[in-house]
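Numbering (the numbering used here), first residue to last: 16 to 496.
Notes follow the structure.
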Ligand code: NDP
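This is the structure:
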């Protein structure tokens, strides 16, 4: 089969890297190279920035309704090629096709629809200074902005950034992860099909340290919206700080699930299965530390393990629960944490090894869903982000201790609390150090709500008007009367 040739999208054109160099793109479920992507560098980024600068004035001064129409055309263009996007996301990332069809692609479409409409409903403020006059706040686009996204939810997170950036009137230079570039390339082809105004969105593929960093460092990039690992976020933050550049960082997580003894056990187990292993545990919001109140610990454990052992792993194109993890390197990283868990005194209750399916996927990168117990909440396995299908179980006696353990990591992204006691639920939610708390559920996302993490899980918030505020510059105007 011939390899798919992924191209950059610069100034309305689909082009190869100026250098002519390319990187290979592997299907993690088979281990085979299925596409080549441009190995771009700062020369390609410069062209993209120039195109974005030229397109800026027209795009930002366009009537809101026209901008709405353009962004909706992108949403509709993805919808029209839904199955193609689903298959591409699964092939590129290793996730089951049902998951891409249920979550990734519909959500990418919603992101464009939501922000197309949000820019028309984004209010400006006015403050009356009694006896003197009126202040009003103008919110103007920033100019050219950079958007950089990771591999775990490729189009979902790519669109979560570029949709508000475009809606707010900015032009964009964006870089998806080089590990999963396929659906952002398909998005570029949609833009080409609908004749999207040239230079407004530019997508440059390649390595983070070359393409990503060139975007972040360029003086004409007015803001950077980044989702990825905490270490990369630190590098980007340092560069932006030197240039007084606006930056939004959505970083790693090590999220706790706290299950009290009055929780609805069936529901808690059911949802904890999803929050542990959805997308092979590669969602920043997955709960990887499960704290269970002592009196129901054994009951929870036996039900949970039974359910985990019933999960199927294998070919993402079939009706399985878990597909492949994203790459061989990532598989090795996850397995090294399982080994570390054993060295730290943990007991593997189930899983704990790579999985080798028969047939088409025999050389793919699979890991059995893994549950570990017997670890201190302060050990490395319970403190560092693994980002795979690996969770730990830890019993707790008191609410105070559960909160202490939950808050003990450098991260603070999300938390799920399970209890039927309303008062306790609110009290614990208040004390948890995370940007998002779910009570008796997981991963319910209303796009209007602030999204982001505390501590080393990030800086700033995305979502709803928070994103519109990030991508605009406020200016106060005072009028004397
Ligand atoms: P990385 O930080 O490795 O990469 C994220 C993106 O940044 C990629 O496009 C990458 O390029 C690029 N990049 C790498 N180095 C630089 C640099 N020096 N300058 C600019 N850009 C750079 O993260 P992963 O892709 O491995 O994604 C997994 C991480 O993302 C996990 O830690 C996860 O928790 C986090 N995440 C956070 C979310 C949140 O909302 N808080 C949501 C989803 C994931 P490339 O890889 O192509 O070289």
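The C-beta atom is built at its ideal place from N, Cα and C for all residues, glycine as well.
As the structure is a computational prediction, the values presented were derived from the model and not from experiment.
- Residue 145 counts as exposed, since fewer than 16 other C-beta atoms from the protein chains shown sit within 10 angstroms of its C-beta.
- Counting only unbroken stretches of 3 or more residues, the beta strand (DSSP E) elements lying wholly within the segment 352-411 are 362-365, 385-388 and 405-411, in sequence order.
- Cα atoms of residue 69 and residue 237: separation of roughly 15 Å, rounded to the nearest angstrom.
- For residue 173, the secondary structure class from DSSP, reduced to helix, strand or coil, is helix.
- In this structure, residue 172 has its beta carbon less than 7 Å from a heavy atom of the ligand NDP.
- Residue 133 and residue 483 have their C-alpha atoms spaced approximately 8 Å apart.
- Counting every other CB atom within 10 Å of its CB across the protein chains shown gives residue 63 a total of 16 or more, marking it as buried.
- In this structure, residue 305 lies away from residue 172, with their beta-carbon atoms at least 8 Å apart.
- CA-CA distance, residue 73 to residue 156, rounds to 12 Å.
- Here residue 223 carries a helix assignment [DSSP, helix/strand/coil].
- C-alpha of residue 140 to C-alpha of residue 153: approximately 8 Å in a straight line.
- Taking a cut-off of 8 Å for Cβ pairs, the segment 354-372 and the segment 51-62 do not touch, as fewer than three such pairs fall below it.
- The ligand NDP has a heavy atom closer than 7 Å to the beta-carbon of residue 166.
- Sequence-distant Cβ neighbours of residue 489 in its own chain, meaning closer than 6 Å and more than five residues away, are 152 and 154.
- Apart from sequence neighbours up to five positions away, the residues of its chain that approach residue 311 with a beta-carbon distance below 7 Å are 276 and 280, ordered along the chain.
- Nearest neighbour of residue 448 by Cα position, chosen from 437, 441 and 470, turns out to be 470.
- Closest by C-alpha distance to residue 92, out of 125, 298 and 245, is 125.
- For residue 222, the closest C-alpha among the options 425, 458, 184 and 166 is that of 166.
- The segment 106-122 makes contact with the segment 186-204: 3 or more CB pairs, one atom from each, lie closer than 8 Å.
- Counted as a single uninterrupted DSSP element, the alpha helix (DSSP H) harbouring residue 97 occupies residues 97-108.
- Closest in C-alpha terms to residue 114, from the list 398, 333, 130 and 27, comes 333.
- When distances are taken from the beta-carbon of residue 184 to the heavy atoms of the ligand NDP, even the shortest one reaches 7 Å or more.
- The Cβ-Cβ distance between residue 162 and residue 89 does not fall below 8 Å.
- In this chain, the alpha helix (DSSP H) harbouring residue 417 covers 414-421.
- In terms of CA proximity to residue 375, 46 leads the group 46, 495, 259 and 437.
- Counting the other Cβ atoms within 10 Å of the Cβ of residue 24 gives 16 or more, which makes it buried.
- Taking 3 residues as the minimum length, the beta strand (DSSP E) runs contained wholly in the segment 225-292 are 236-242, 261-265 and 270-274, in order along the chain.
- Taking C-alpha positions only, residue 436 is separated from residue 387 by approximately 28 Å.
- If you look at residue 190, you'll find it in the beta strand (DSSP E) that goes 186-190.
- By the Cβ rule, the segment 208-216 counts as touching the segment 179-186, because three or more pairs are nearer than 8 Å.
- Apart from sequence neighbours up to five positions away, the residues of its chain that approach residue 320 with a beta-carbon distance below 7 Å are 364, 365 and 386, ordered along the chain.
- Pairing residue 339 with residue 381 gives a Cβ-Cβ distance under 8 Å.
- Counting other Cβ atoms within 10 Å of its Cβ, residue 259 stays below 16 and is therefore classed as exposed.
- Within the same chain, and ignoring the five residues on either side of residue 315 in sequence, the residues whose Cβ sits closer than 6 Å to its Cβ are 307.
- Taking a contact to require three or more Cβ pairs closer than 8 Å, the segment 75-90 and the segment 286-301 do not qualify as touching.
- Each residue's CA atom was taken as its position, placing residue 496 and residue 28 some 52 Å apart.
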